[in-house]
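Below is one structure, written out as structure tokens, with a few remarks after it.
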Amino acid sequence: MVTKKEIAEHLGVSRTAVSLVLNNTPSSTISTETRNKILQAAKELGYRDIEVSPKLCYVLYDREANDPRYLVDLQIMESAASQFNYGLVFMNITHAPDSLNKLQKYLDNQEIEGFIVSGDVDETLLDLFRQSNTPYIFYGMPLRDKEEGLNFIAFDERKLAHDATEYLFSLGHTRIALFIGSLDYDIHQLALEGFRQAHEKNGIPLDKSLIQISNDENGYELCKRAGMLQLDYTAAFCANTIIQFGALQYLQSTGVSVPNDISLIGSGLTELVKVSSPQLTTYYVSAEEKAKTVSMLLEIINNRNPEGTFSSRITEFERFEGDTAAPCKKGI
Numbered sequence: 001m002v003t004k005k006e007i008a009e010h011l012g013v014s015r016t017a018v019s020l021v022l023n024n025t026p027s028s029t030i031s032t033e034t035r036n037k038i039l040q041a042a043k044e045l046g047y048r049d050i051e052v053s054p055k056l057c058y059v060l061y062d063r064e065a066n067d068p069r070y071l072v073d074l075q076i077m078e079s080a081a082s083q084f085n086y087g088l089v090f091m092n093i094t095h096a097p098d099s100l101n102k103l104q105k106y107l108d109n110q111e112i113e114g115f116i117v118s119g120d121v122d123e124t125l126l127d128l129f130r131q132s133n134t135p136y137i138f139y140g141m142p143l144r145d146k147e148e149g150l151n152f153i154a155f156d157e158r159k160l161a162h163d164a165t166e167y168l169f170s171l172g173h174t175r176i177a178l179f180i181g182s183l184d185y186d187i188h189q190l191a192l193e194g195f196r197q198a199h200e201k202n203g204i205p206l207d208k209s210l211i212q213i214s215n216d217e218n219g220y221e222l223c224k225r226a227g228m229l230q231l232d233y234t235a236a237f238c239a240n241t242i243i244q245f246g247a248l249q250y251l252q253s254t255g256v257s258v259p260n261d262i263s264l265i266g267s268g269l270t271e272l273v274k275v276s277s278p279q280l281t282t283y284y285v286s287a288e289e290k291a292k293t294v295s296m297l298l299e300i301i302n303n304r305n306p307e308g309t310f311s312s313r314i315t316e317f318e319r320f321e322g323d324t325a326a327p328c329k330k331g332i
């Protein structure tokens, strides 16, 4: 049977694009021409639709379907599911009642054997799955004070931010900015805590003016604001690669050399990391660790009425070296 990887290689397009099209995922980044070519190639090469296979579902909540952070995870989960002869469908929903009703119907009809849930999860979504008899696992995001009675795999965002900031300290940086999204989200609160803890551990006073927040996670504007405020920093930890990439674009547009003048380090391993010039330096959870989400979900599926819940915390991270972090050259 032909695979999505083989279709991608045949057409010379990304496997992510093939996955999005064949999973019927709306994406503004894929042209109608490319979509039609993928569908035609799938037909000609004999691609078998996943309808004939048992299915898992990756739910992305209150995030754009083409957000690069989640496209990578979608590909990892799809590959892992296929190893167990499961198909993976993708559902992009919001907190709007009509959208939640769509998810509720999927939960009720039991055509999907299990759900992997990610995105900006809120109490409404948590309750929906708590009350469901369908196997599920919440993936990636922190669930502070909400973990009781839930299946989840959580990344220790506090430790990731600590490790990344600690790395910048080891390169001689003492004036480190934090570029971060809305503190309404636990993930950003934890990143701030880790950033602060790294300063305390190294005995370096925290300059609160270097903490810059953008509710829409716009790294370009964050970095521009830091420049207009004439903030004195030699490095920045960016809460995700979208912020990091935007910050890099602003610095390059103003003639600031990265990493010779300012170092940037981020969180995650998305497509932006490798297409960026220079490539981004980041801390991330390995694909192997992320793929364990599928194994855990299948364990939940095969033990539908276990005592207790399934949970795991990922506390070890890898560093993609990239070329945006270097030893500090300023004596400050």
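Residues in the sequence shown are numbered consecutively from 1, following the UniProt record's numbering. Note that the Cβ used here is the ideal one computed from N, Cα and C, for glycine as well. Since we're looking at a predicted model, the values are computed, not measured.
Query raised in the report: Taking the C-alpha atoms as reference points, what is the distance between Leu20 and Ser31?
Result: 12 Å
Query raised in the report: What are the residues that DSSP puts in a beta bridge with Cys238?
Result: Phe179
Query raised in the report: What is the rounded straight-line gap between the Cα of Gly12 and the Cα of Val2?
Result: 15 Å
Query raised in the report: Are there three or more Cβ pairs, one per stretch, closer than 8 Å when the stretch 90-110 is compared with the stretch 123-131?
Result: yes
Report task. Taking all protein chains shown into account, decide if Phe84 is buried (16 or more other Cβ within 10 angstroms of its Cβ) or exposed. Result -> exposed
Report task. Name the two residues that bound the continuous alpha helix (DSSP H) containing Val59. Result -> No alpha helix (DSSP H) holds Val59; the beta strand (DSSP E) holding it covers Lys55 to Tyr61.
Report task. Measure the Cβ-Cβ separation of Leu171 and Ala235 and say whether it is below 9 Å. Result -> yes
Query raised in the report: What first and last residue would you give for the beta strand (DSSP E) that runs through Ile300?
Result: First-last for Ile300: Ala287 to Asn302, but that is the alpha helix (DSSP H), not the beta strand (DSSP E).
Query - Own chain, CB closer than 6 Å to Gly114, minus 5 neighbours either side, in chain order - result: Leu56, Pro135, Leu297 and Ile301
Query - Given Leu107 as reference, the closest of Asn202, Tyr58, Pro278 and Arg35 once Cα atoms are compared - result: Tyr58
Report task. Kindly confirm or deny that the stretch 240-259 and the stretch 176-192 touch, where touching means at least three C-beta pairs closer than 8 Å. Result -> yes
Query raised in the report: Excluding sequence positions up to five away, which residues of its chain have a Cβ less than 7 Å from the Cβ of Glu51?
Result: A caution first: Glu51 carries a pLDDT of 48, below 50, which makes its placement in the model unreliable, though a value can still be read off. No residues qualify anywhere along the chain.
Report task. Can you tell me which of Gln40, Asp67, Val121 and Leu45 puts its alpha carbon nearest to the alpha carbon of Gly268? Result -> Asp67
Query raised in the report: What residues in its chain sit with their C-beta under 6 Å from that of Thr174, if we drop five residues either side in the sequence?
Result: Ile204
Report task. Could you tell me if Val72 is buried or exposed, where buried requires 16 or more neighbouring beta carbons within 10 angstroms of its beta carbon? Result -> buried
**Report entry** Bridge partner(s) assigned by DSSP for Met77
**Finding:** Partner(s): none; Met77 has no beta bridge.
**Report entry** Beta bridge counterpart(s) of Ile212 as assigned by DSSP
**Finding:** Rather than Ile, the amino acid found at residue 212 in this sequence is Gln. Beta-bridge pairing links Gln212 to Phe179.
Query raised in the report: Quick one: does the C-beta of Glu148 sit closer than 8 Å to a heavy atom of the ligand COA?
Result: For the structure depicted, the ligand COA is absent and the ligand set is empty, with no information on it obtainable.
**Report entry** Local Cβ density within 10 Å of Val273, reported as buried at 16 or more and exposed below that
**Finding:** buried
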